[in-house]
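To keep things clear, I will list the structure first and then write my remarks on it.
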Amino acid sequence: MKKHDEDPECHRVDVVEEVVEDVFVEETHTPPLERVLVNSIDDLEEEWEKEIEICLRQLESSRVDEKPKVEPELKVETKEEVRSSAPELKVLP
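Just so you know, full-length UniProt numbering puts 85 at position 85 of the sequence shown, and the rest follows in order with no gaps.
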């Protein structure tokens, strides 16, 4: 864009300054303190996520069934119980 009342080189300088500012913003690294803080928060969040996963797995493994399947207990008879349950025979006259 040229304006008749301005010097054309002025526009070039403005454009160059804009480009320099854009590149400076892209290449500027975050300050060390900010990096440390952000990274520590990220690490803490990862640790919290792991703890939450562990808790969820423990809760899932200790979950109680609403309708548990109950099987009758089988009774094993001993020899004495078998003998005592046999009828006693009497001698007929």
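Think of the CB as a built atom: it goes at the ideal place given N, C-alpha and C, for glycine as much as any other residue.
Between the CA atoms of P72 and L92 - distance to the nearest angstrom: One-based indexing of the sequence shown puts residue 92 at position 92. One-based indexing of the sequence shown puts residue 72 at position 72. About 42 Å.
For E47, three-class secondary structure by DSSP: As a working note, residue 47 is residue 47 in the sequence shown. Helix.
Inter-residue Cα distance where the pair is V16 and E46: Counting from 1 along the sequence shown, the entry for residue 16 is found at position 16. Counting from 1 along the sequence shown, the entry for residue 46 is found at position 46. The alpha-carbon atoms of V16 and E46 are separated by roughly 43 Å.
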